[in-house]
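Participant:
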Amino acid sequence: MTDEPLLRVSALSKFYGSRVGCENVTFDLWPGEVLAVVGESGSGKTTLLNCLSTRLLPSSGTASYRMRDGQRRELYRMSEAERRFLMRTDWGFVHQNPADGLRMTVSAGANVGERLMAVGDRHYGRIRATAVDWLSRVEIDDDRIDDEPRAFSGGMRQRLQIARNLVTGPRLVFMDEPTGGLDVSVQARLLDLLRGLVTDLGLAAIVVTHDLAVARLLSQRMMVMKDGRVVESGLTDRVLDDPRAPYTQLLVSSILQV
Amino acid sequence: MNAQSTDIATYNFAYLDEQTKRMIRRAILKGIAIPGYQVPFASREMPMPYGWGTGGVQVTASIIGPDDVLKVIDQGADDTTNAVSIRAFFKKVAKVDVTTETARATIIQTRHRIPEQPLTASQVLVFQVPIPEPLRFLEPRETETRKMHALEEYGLMHVKLYEDIAKHGRIATTYAYPVKVEGRYVMDPSPTPKFDNPKMHRSPALQLFGAGREKRIYAVPPFTDVVSLDFEDHPFEVQTFDQPCALCGAENVYLDEVILDDHGGHMFVCSDTDHCEKRQADGQHGHLAPETHSASGKMEPVE
Ligand SMILES: Nc1ncnc2c1ncn2[C@@H]1O[C@H](COP(=O)(O)OP(=O)(O)OP(=O)(O)O)[C@@H](O)[C@H]1O
Ligand SMILES: [Mg+2]
Ligand SMILES: [Zn+2]
Numbered sequence: 001m002t003d004e005p006l007l008r009v010s011a012l013s014k015f016y017g018s019r020v021g022c023e024n025v026t027f028d029l030w031p032g033e034v035l036a037v038v039g040e041s042g043s044g045k046t047t048l049l050n051c052l053s054t055r056l057l058p059s060s061g062t063a064s065y066r067m068r069d070g071q072r073r074e075l076y077r078m079s080e081a082e083r084r085f086l087m088r089t090d091w092g093f094v095h096q097n098p099a100d101g102l103r104m105t106v107s108a109g110a111n112v113g114e115r116l117m118a119v120g121d122r123h124y125g126r127i128r129a130t131a132v133d134w135l136s137r138v139e140i141d142d143d144r145i146d147d148e149p150r151a152f153s154g155g156m157r158q159r160l161q162i163a164r165n166l167v168t169g170p171r172l173v174f175m176d177e178p179t180g181g182l183d184v185s186v187q188a189r190l191l192d193l194l195r196g197l198v199t200d201l202g203l204a205a206i207v208v209t210h211d212l213a214v215a216r217l218l219s220q221r222m223m224v225m226k227d228g229r230v231v232e233s234g235l236t237d238r239v240l241d242d243p244r245a246p247y248t249q250l251l252v253s254s255i256l257q258v
Numbered sequence: 259m260n261a262q263s264t265d266i267a268t269y270n271f272a273y274l275d276e277q278t279k280r281m282i283r284r285a286i287l288k289g290i291a292i293p294g295y296q297v298p299f300a301s302r303e304m305p306m307p308y309g310w311g312t313g314g315v316q317v318t319a320s321i322i323g324p325d326d327v328l329k330v331i332d333q334g335a336d337d338t339t340n341a342v343s344i345r346a347f348f349k350k351v352a353k354v355d356v357t358t359e360t361a362r363a364t365i366i367q368t369r370h371r372i373p374e375q376p377l378t379a380s381q382v383l384v385f386q387v388p389i390p391e392p393l394r395f396l397e398p399r400e401t402e403t404r405k406m407h408a409l410e411e412y413g414l415m416h417v418k419l420y421e422d423i424a425k426h427g428r429i430a431t432t433y434a435y436p437v438k439v440e441g442r443y444v445m446d447p448s449p450t451p452k453f454d455n456p457k458m459h460r461s462p463a464l465q466l467f468g469a470g471r472e473k474r475i476y477a478v479p480p481f482t483d484v485v486s487l488d489f490e491d492h493p494f495e496v497q498t499f500d501q502p503c504a505l506c507g508a509e510n511v512y513l514d515e516v517i518l519d520d521h522g523g524h525m526f527v528c529s530d531t532d533h534c535e536k537r538q539a540d541g542q543h544g545h546l547a548p549e550t551h552s553a554s555g556k557m558e559p560v561e
């Protein structure tokens, strides 16, 4: 596709005072690639994700992003206005708890339409038609379009959150435990849906998860973190079938269930 | 009664001390320089509770001079308790001339209406504002709404209008209808009916907004663009009334419904009482006008 990574991360560290959030993380993410970040609780997954999505500023290190116009930009040197614009156009962020990523007091249609309106769409009929289309893509009946997410099940809320993020056709989506709070059957359905969308749209994604099955299903590549550091990374199948770091071997052998 | 309480000289002119007035004037000037931007100011205690126009009163107190002529309206009427007491207050503390005539006033303090008679460049309109933040409805965090204004992120305003259309089939917001000022800041025009929004657009009069409880002042300088937000396929429209004023026959004015009896009898009359009286005095009549027209034909509007 292109000969340049979408995201290039170099020696990224984040300290909370003297405590390590994440330390010396380096990797490239290519367009259309899904990277899973796995590790036990407190290993720094969320910290890393929040730094990458510029919701948090790192203590040191750099990250650059290839914009739609092909220009490479240093994320931590961009103005806040530029970063916020990027976040609501070319990026998506799917929170573990849908309530953190949705407006719970406005309708499903408005939740999906918000980003369109934020980038200047001023045609109600067109916004609504796009919302209907996106609701159907995440398997929400269009007769729920005027309902508030408060009236939705956990799985529906999560699917709505995904639709809300994808409506502007982002190229990179950050997900923090997207199937976290859901029960097993609902998780499976959501994973299927996510996998389909990511493939259809050619999305690049960074997915934080506790669950190796989620990593296996969604990602081409994975990073294993422990105590803020990356202890192993590589193609997902390789890491899961032939783990090299002792910690990963422990993880995969299910002796240590994360 | 002791001598002090009857001695108006114990008040500073227009009640506020000079330093406070200077502080408020600075906020007003900043507001004028950045049309539609909410300027924080150190709101003072006034001898009336919040919700009674303390923001407007402080703005008026800071700009009024001995030669000014003050008009105060509440929902378009000069004779409601609130309007009467604010007028009496300034008559006492600034010894200014007061009036109910729109044309004669140099300062008009208002709650919920803009007079029907077009204002001039020698007039100032002071709005009493309860909630200055138009984004508050969807984003309660003040830090976030400030950022949204700073970065001109106004998608949320359209989310609100979208919700209106989704629920009611049209934009049902009729009061406090959001506007964009001079192509930059989105502003709450205070709880005036949207009927009055077009009057703000390029008005020759200076328009000042004071929110006492929320400690904000904002302004629309003369001849400034004030555009109501809308959608291409749901354009902004003002309310229309299918009948003229029952007392003076005026059309294209904002009407209040007035209940006449306990049996559902009612009529629609000008909410702008001065406008209505003037028309009747000029010999204009609606279908329910009293036989001999006089100011006493006027009725109290209902909420
Ligand atoms: N705001 C904060 N202030 C101080 N320390 C923090 C803060 N957030 C995270 N940490 C610490 O940083 C380390 C990494 O936390 P992080 O939340 O990134 O882990 P995680 O891998 O996402 O964990 P989990 O799987 O439980 O979500 C932990 O030691 C945590 O206690
Ligand atoms: Mg986490
Ligand atoms: Zn009338």
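Keeping their order, the protein sequence lines are chains R and A.
All residue numbers for the first sequence refer to my numbering, where the first residue is 1 and numbers rise by one.
All residue numbers for the second sequence refer to my numbering, where the first residue is 259 and numbers rise by one.
No residue lacks a Cβ here, since even glycine has one placed at the ideal position from N, Cα and C.
1. Which residue from A/405, A/413, A/325, A/284 puts its Cα closest to that of residue 120 of chain R?
2. Do you know offhand how far residue 370 of chain A's Cα is from residue 446 of chain A's?
3. How would you list, in chain order, the residues of chain R whose beta-carbon sits under 8 Å from the beta-carbon of residue 424 of chain A?
4. How about residue 539 of chain A: is its Cβ closer than 6 Å to a heavy atom in ligand 3?
5. Three or more beta-carbon pairs under 8 Å between the stretch 445 to 465 of chain A and the stretch 144 to 155 of chain R, yes or no?
6. Rounded to whole angstroms, what is the Cα-Cα separation between residue 409 of chain A and residue 442 of chain A?
7. Could you check the C-alpha separation between residue 30 of chain R and residue 37 of chain R for me, to the nearest Å?
8. Once the 5 residues before and after residue 310 of chain A are set aside, which same chain residues still bring their CB inside 7 Å of it?
9. My assumption, with CB atoms under 8 Å, is that residue 33 of chain R sits in contact with residue 164 of chain R. Please give the rounded CB distance.
10. Between the stretch 327 to 347 of chain A and the stretch 468 to 479 of chain A, are three or more C-beta pairs nearer than 8 Å?
11. Verify the contact flag: residue 16 of chain R, CB atom, against every heavy atom of ligand 1, threshold strictly below 6 Å.
12. Please report the distance separating the alpha-carbon of residue 578 of chain A from that of residue 330 of chain A.
13. Please enumerate, following chain order, all residues with a beta carbon closer than 5 Å to at least one heavy atom belonging to ligand 3.
14. For the alpha helix (DSSP H) containing residue 278 of chain A, name the first residue and the last one.
15. From residue 405 of chain A to residue 411 of chain A, what distance separates their C-alpha atoms?
16. Could you please tell me which residues of the stretch 67 to 81 of chain R, in chain order, have their CB closer than 8 Å to any CB of chain A?
17. Got a sec: does ligand 1 put a non-hydrogen atom nearer than 6 Å to the Cβ of residue 180 of chain R?
18. According to DSSP, is residue 506 of chain A helix, strand or coil?
19. How about residue 17 of chain R and residue 225 of chain R: are their beta carbons less than 7 Å apart?
20. According to the Cβ coordinates, are residue 368 of chain A and residue 532 of chain A closer than 7 Å?
21. Tell me the rounded alpha-carbon separation between residue 158 of chain R and residue 98 of chain R.
22. Can you pull the chain R neighbours of residue 491 of chain A, defined as C-beta to C-beta under 7 Å?
23. At the 7 Å Cβ level, is residue 117 of chain R part of the contact set with chain A, yes or no?
24. With a cut-off of 7 Å, give the chain-ordered residues whose Cβ is closer than this to any heavy atom of ligand 4.
25. Out of R/192, R/78, R/219, R/214, which has the shortest C-alpha to C-alpha gap to residue 205 of chain R?
26. Using a Cβ-Cβ cut-off of 7 Å (strictly less than) and excluding sequence neighbours within five positions of residue 217 of chain R, which residues of its own chain qualify?
27. Less than 8 Å between C-beta atoms, sequence neighbours within five positions excluded: which residues of the same chain meet that for residue 481 of chain A?
28. Comparing the C-beta of residue 114 of chain R with each C-beta of chain A, is any distance below 7 Å?
29. Taking 7 Å as the CB-CB cut-off, is residue 409 of chain A touching chain R?
30. When you compare only the Cα positions, how much space is there between residue 398 of chain A and residue 388 of chain A?
31. Taking the straight line between their C-alpha atoms, what separation do you get for residue 428 of chain A and residue 400 of chain A?
32. Relative to the C-alpha of residue 343 of chain A, which candidate in A/306, A/361, A/497, A/322 has its C-alpha closest?
33. Buried or exposed: residue 345 of chain A, going by 16 or more other Cβ atoms within 10 Å of its Cβ?
34. Could you tell me if residue 240 of chain R is buried or exposed, where buried requires 16 or more neighbouring beta carbons within 10 angstroms of its beta carbon?
35. With a threshold of 6 Å, establish whether the CB of residue 128 of chain R neighbours any heavy atom of ligand 1.
36. Compute the beta-carbon to beta-carbon distance between residue 107 of chain R and residue 140 of chain R, rounded to the nearest angstrom, for a pair I have assumed lies under 8 Å.
Facilitator: In terms of the structure at hand:
1. A/413
2. The alpha-carbon atoms of residue 370 of chain A and residue 446 of chain A are separated by roughly 12 Å.
3. 107, 109, 110, 128, 145, 146
4. no
5. no
6. 10 Å
7. 15 Å
8. 340
9. Not confirmed; about 23 Å, so no contact.
10. Counting Cβ pairs under 8 Å, fewer than three are found: no touch.
11. yes
12. A query on residue 578 of chain A cannot be resolved here, the shown segment of chain A reaching from 259 to 561 and no further.
13. A/503, A/505, A/506, A/508, A/528, A/534
14. 276 to 291
15. Between residue 405 of chain A and residue 411 of chain A, the C-alpha separation is close to 8 Å.
16. 80, 81
17. no
18. coil
19. Contact: no.
20. no
21. Cα to Cα, the separation comes out at about 5 Å.
22. 123, 124, 125
23. yes
24. With respect to small molecules bound, the structure shown includes ligand 1, ligand 2 and ligand 3 and not ligand 4.
25. R/219
26. 191, 195
27. Hits under 8 Å: 460, 461, 462.
28. yes
29. yes
30. 15 Å
31. 29 Å
32. A/306
33. buried
34. Burial is judged here by how many other beta carbons sit within 10 angstroms of a residue's own beta carbon; residue 240 of chain R has at least 16 and is buried.
35. Because no heavy atom of ligand 1 lies under 6 Å away, the Cβ of residue 128 of chain R does not count as near it: no.
36. Not a contact, Cβ separation roughly 12 Å.
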